[in-house]
Structure formats: structure tokens, C-alpha cells
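2 protein chains.
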Amino acid sequence: MRLRRNTARPGGTDPRHATALERFARLLAEKDLRLTKARAAIVEAALSRNGHFPIDDLVQDLRRRGIRGSKATVYRALPLLTEAGILQPAVAQGDARRYEAAFGRDHHDHLVCRGCGKVVEFEYEAIEILQREVAARHGFTLEAHQHQLFGRCEACRAQADAGVAPRRPLSAN
Amino acid sequence: MRLRRNTARPGGTDPRHATALERFARLLAEKDLRLTKARAAIVEAALSRNGHFPIDDLVQDLRRRGIRGSKATVYRALPLLTEAGILQPAVAQGDARRYEAAFGRDHHDHLVCRGCGKVVEFEYEAIEILQREVAARHGFTLEAHQHQLFGRCEACRAQADAGVAPRRPLSAN
DNA sequence: CTTCATGCAAAAGATTTGCAAGTTC
DNA sequence: GAACTTGCAAATCTTTTGCATGAAG
Numbered sequence: 007m008r009l010r011r012n013t014a015r016p017g018g019t020d021p022r023h024a025t026a027l028e029r030f031a032r033l034l035a036e037k038d039l040r041l042t043k044a045r046a047a048i049v050e051a052a053l054s055r056n057g058h059f060p061i062d063d064l065v066q067d068l069r070r071r072g073i074r075g076s077k078a079t080v081y082r083a084l085p086l087l088t089e090a091g092i093l094q095p096a097v098a099q100g101d102a103r104r105y106e107a108a109f110g111r112d113h114h115d116h117l118v119c120r121g122c123g124k125v126v127e128f129e130y131e132a133i134e135i136l137q138r139e140v141a142a143r144h145g146f147t148l149e150a151h152q153h154q155l156f157g158r159c160e161a162c163r164a165q166a167d168a169g170v171a172p173r174r175p176l177s178a179n
Numbered sequence: 007m008r009l010r011r012n013t014a015r016p017g018g019t020d021p022r023h024a025t026a027l028e029r030f031a032r033l034l035a036e037k038d039l040r041l042t043k044a045r046a047a048i049v050e051a052a053l054s055r056n057g058h059f060p061i062d063d064l065v066q067d068l069r070r071r072g073i074r075g076s077k078a079t080v081y082r083a084l085p086l087l088t089e090a091g092i093l094q095p096a097v098a099q100g101d102a103r104r105y106e107a108a109f110g111r112d113h114h115d116h117l118v119c120r121g122c123g124k125v126v127e128f129e130y131e132a133i134e135i136l137q138r139e140v141a142a143r144h145g146f147t148l149e150a151h152q153h154q155l156f157g158r159c160e161a162c163r164a165q166a167d168a169g170v171a172p173r174r175p176l177s178a179n
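Line order of the protein sequences matches chains A and B. For the first sequence, the working numbering gives the first residue as 7, with consecutive numbering after it. For the second sequence, the working numbering gives the first residue as 7, with consecutive numbering after it.
Quick look at the structure:
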């Protein structure tokens with residue numbers, strides 16, 4: 007559980023974005039697909055987001071940036087971004103489909119409180135190592151992972167002990 | 007990675023189901039809700055399923071068992087089953103919303119091949135222990151978890167090395 | 001220029017909700 | 001009996017598709 011570095015910069019010149027775009031371009035080339043303005047803008051928007059986000063947020067982002075983003079285009083691009091390892095599906099407790107950046111960030115997984123919905127991010131190198139071991143044992147190369155722990159935070163436990171029913175059953179971020 | 011015990015029985019007398027029902031009843035009581043036939047049947051159906059399943063499968067199951075199951079009723083019950091810790095949301099790579107039993111089964115997590123969609127279940131005690139440690143460190147009591155590893159299986163890697171584009175990009179179970 | 005990508009709008013699915021009628025406590 | 005549930009159908013939301021028009025290589 008070490009601290010997370012933060013290399014993000016405001017503009018569109020984030021080196022992380024550039025690298026991701028390259029990677030994306032490579033995937034597209036392999037598939038005889040084109041790196042269009044729209045697709046590049048989607049990568050940009052995706053990497054600029056923090057944490058989990060619903061698909062529609064990307065559509066809104068594009069609109070805001072002047073690109074007449076179309077829902078359909080975003081939906082069509084998502085599987086490509088995922089395959090390129092730039093995005094990764096993420097869900098926390100029944101919410102609608104969400105994604106999160108999977109590239110250029112340190113890994114971070116989630117600990118979700120079932121009582122109040124609070125989400126804590128964590129990183130644990132030892133777990134990452136064991137994951138690689140599991141993958142290797144099955145002949146897999148590990149590319150990504152998703153790991154969520156569900157439980158009760160201290161506050162919600164105290165509340166329960168006091169005989170009070172917890173508030174919002176589920177509404178994780 | 008030990009073997010999974012299998013205590014499931016065909017009929018409706020599975021002791022696991024009985025315990026789950028009790029737990030469910032307790033939750034309902036707390037909330038001044040009623041344990042109706044429909045809700046009990048949904049618990050039963052949910053626990054009888056193996057692995058991940060789409061919501062509609064539960065609806066079909068009810069129909070099959072003679073209960074004139076209604077989609078709406080199932081949808082309305084799902085958050086309750088989740089809160090009771092009987093079901094748990096599960097998604098593998100962009101598929102539609104799915105659930106899986108979270109009660110009375112040994113933990114099992116998934117290793118998914120991004121090339122061909124193959125899914126391998128795994129269990130790794132060491133990881134479970136570390137998870138508990140992470141939760142404890144943040145003051146959480148761990149109730150459940152979801153852990154998925156994504157990568158490439160041996161076959162798909164060989165295929166890629168041979169310069170062939172992999173088949174179905176994503177369609178994990 | 002040929003092929004692939006985009007937008008729009010329509011289609012398909014998935015989930016939620018209103019309400020009269022049926023159940024549970 | 002009163003309060004909570006259910007089913008159905010209609011309303012919403014989300015995601016996918018068809019197709020004519022606009023870019024990319």
C-alpha cells in the first residue's frame with residue numbers, strides 16, 4: 007500500500023496521454039482501423055477522468071470540448087479502448103455500467119462499504135504479486151485486473167451495533 | 007488453491023438455502039418487509055444457480071417452477087438479496103449486468119482470457135488472507151469480494167505470436 | 001478514390017414505475 | 001382489516017444498428 011504518484015497535467019500535453027494514444031494507434035493499425043479525431047478525443051477524455059465514470063460522461067465531455075460527440079461513436083469506441091488496455095470496466099454494487107482509466111495510473115482497487123456506500127481505494131503490492139502467480143500457474147499472461155472488497159466500515163458497524171438500520175443500502179461510487 | 011467442496015443437493019432441502027432464507031427473513035423483518043412466496047422462490051432460484059447469471063435467468067427459473075414470476079418482482083427483490091449478502095453483482099468485461107451467489111459457496115474468482123473469452127475459476131487462500139488484512143487496515147469488516155484477472159491464455163498468445171489476430175475480442179462468461 | 005468512420009434516428013434491450021388486485025401479518 | 005406485494009403494462013434508460021454522408025490513408 008504505497009502512495010500514488012500523480013503525473014497528470016491540465017492541458018492536452020500530458021505525456022501519459024501521448025503514450026496511450028500511441029498504444030491505441032498500434033492496436034488500430036493491427037486491425038486496419040483508423041485513428042480518427044473522434045477516437046483520439048475519446049481517449050483523451052477517458053484518460054482525463056478520475057475514478058469510475060458512467061459512459062454518458064464521456065459523451066458529455068466530448069460535447070463540452072466542441073467535438074460534436076455522438077453517443078454511438080463513443081459506444082463503438084469503448085471495446086477498442088478496453089482492448090488497448092486504456093479503459094477497464096468497473097462496477098461497484100449494482101450501479102450502471104461504468105469504466106475507469108486503466109493506463110498510466112498505478113493500480114488501485116476498491117473497498118466498498120455496504121452500509122453507506124463509501125469507497126476507499128487501496129493498493130497492495132503483495133496481492134498484485136500473487137495475482138501474477140495465479141495467472142502464470144494457469145498459463146495466462148496478466149494484462150489487467152479488477153478487485154473489489156465489500157464490507158462494513160467502522161461507522162456503519164457502530165450504527166448496526168446500536169440497533170439502528172443503516173442508511174443508504176447501496177450507492178457506491 | 008484448494009479444491010472446492012460441493013454440498014449442493016437437488017431438491018429444495020439444501021441446508022444452505024434454509025440458512026440463507028433465515029438470514030433474508032431477518033433482513034426483511036428489520037425493514038418491516040414480508041417474506042412472501044415470490045421472494046422466497048427468488049432466493050431459492052438464486053442459490054440454485056451456478057456461476058454468473060443474467061437477471062433474466064432468474065425470471066425464467068421462476069416461470070419454470072410454476073411461480074408466475076414477474077420481471078418486476080425479481081428486479082425489486084435483487085437489492086434486498088444483495089443487501090442480505092445472498093447475491094453479489096458480478097461483471098466480466100462489458101457484459102450485461104450479472105449476479106452470482108455470494109452465500110454459502112466457497113469463494114471463487116475468475117481469470118478471463120481477453121483473446122478467446124475462456125474463463126478459469128481460481129481460489130487462492132493467500133490472497134484471501136491479504137484481503138482481510140487490507141479491509142482491517144481500513145477499519146472494514148470484510149463480507150464479500152469480487153476479483154477478476156484479465157489476460158491472455160497460452161493458446162491466444164501463441165496465435166498472436168504467429169501474427170494472427172485473435173478471434174472474439176471479448177465475450178467472457 | 002476506396003474503405004472505414006460518424007451522426008442521426010430508429011430499434012432493441014434492460015430496468016423502473018403506476019396502479020388495481022391479491023397476500024401477509 | 002391495514003399495509004405491503006405482485007403483475008401487468010407503460011414509461012424510461014441504456015446500448016446497438018441501419019444508412020447516407022463525411023474523413024482517412
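The beta-carbon is built from N, C-alpha and C at its ideal position, and this holds for glycine as well.
Item: Where in the segment 36–111 of chain B do unbroken runs of the alpha helix (DSSP H), each at least 4 residues long, occur, reported from the N-terminal end onward?; Value: 43–54, 61–70, 77–89
Item: Note down, in chain order, every chain A residue with its Cβ under 8 Å from the Cβ of residue 147 (chain B).; Value: 157, 158, 163
Item: To the nearest angstrom, report how far apart residue 27 (chain B) and residue 65 (chain B) are at their CA atoms.; Value: 19 Å
Item: Roughly how many whole angstroms lie between the Cα atoms of residue 132 (chain B) and residue 136 (chain A)?; Value: 8 Å
Item: How would you write the range of the beta strand (DSSP E) that residue 127 (chain A) sits in, first residue to last?; Value: 125–128
Item: Taking only beta-carbon atoms, is residue 73 (chain A) less than 9 Å away from chain B?; Value: no
Item: Rounding to the nearest angstrom, what Cα-Cα distance links residue 25 (chain A) and residue 119 (chain A) in this structure?; Value: 35 Å
Item: With distances taken from CA atoms, which of B:84, B:145, B:117, B:90 is nearest residue 104 (chain B)?; Value: B:84
Item: Would residue 140 (chain A) count as contacting chain B if we go by Cβ distances under 9 Å?; Value: yes
Item: Answer with yes or no whether the minimum CB distance from residue 122 (chain B) to chain A is below 9 Å.; Value: no
Item: Which whole-angstrom value describes the C-beta separation of residue 163 (chain A) and residue 148 (chain A), a residue pair presumed to lie in contact below a C-beta threshold of 8 Å?; Value: In fact, because the Cβ distance is near 34 Å, the residues do not count as touching under 8 Å.
Item: Based on Cα-Cα distance, which residue from B:108, B:36, B:150 lies nearest to residue 49 (chain B)?; Value: B:108
Item: Could you say which of A:145, A:90, A:32, A:154 lies nearest to residue 53 (chain A) if we only look at CA atoms?; Value: A:90
Item: Would DSSP call residue 156 (chain B) helix, strand or coil?; Value: strand
Item: Under 9 Å between beta-carbons, which chain B residues line up against residue 92 (chain A)? List them in chain order, please.; Value: Per Cβ cutoff of 9 Å: no residues; residue 92 (chain A) is ~13 Å from chain B at best.
Item: What number of angstroms, rounded off, separates the C-alpha of residue 60 (chain B) from the C-alpha of residue 93 (chain B)?; Value: 12 Å
Item: How would you list, in chain order, the residues of chain A whose beta-carbon sits under 7 Å from the beta-carbon of residue 126 (chain B)?; Value: 144
Item: Use the C-beta contact count for residue 21 (chain A): other C-beta atoms within 10 angstroms, 16 or more gives buried, fewer gives exposed.; Value: exposed
Item: Would residue 15 (chain B) count as contacting chain A if we go by Cβ distances under 9 Å?; Value: Unreliable placement is indicated for residue 15 (chain B), whose pLDDT of 49 sits below 50; the coordinate value is still reported in the next sentence. Not one chain A Cβ lies under 9 Å of residue 15 (chain B).
Item: Quick one: Cα of residue 127 (chain A) to Cα of residue 38 (chain B), how far?; Value: 34 Å
Item: Just the C-alpha distance for residue 88 (chain A) and residue 76 (chain A), rounded to the nearest angstrom, thanks.; Value: 19 Å
Item: Closer than 8 Å by beta-carbon distance: list the chain B residues that pair up with residue 117 (chain A), in chain order.; Value: 140, 141, 144, 146
Item: CA-CA distance, residue 56 (chain A) and residue 63 (chain A)?; Value: 11 Å
Item: Are the C-beta atoms of residue 45 (chain B) and some chain A residue less than 9 Å apart?; Value: no
Item: Going by C-alpha distance, which of B:153, B:154, B:150, B:145 is nearest residue 160 (chain A)?; Value: B:145
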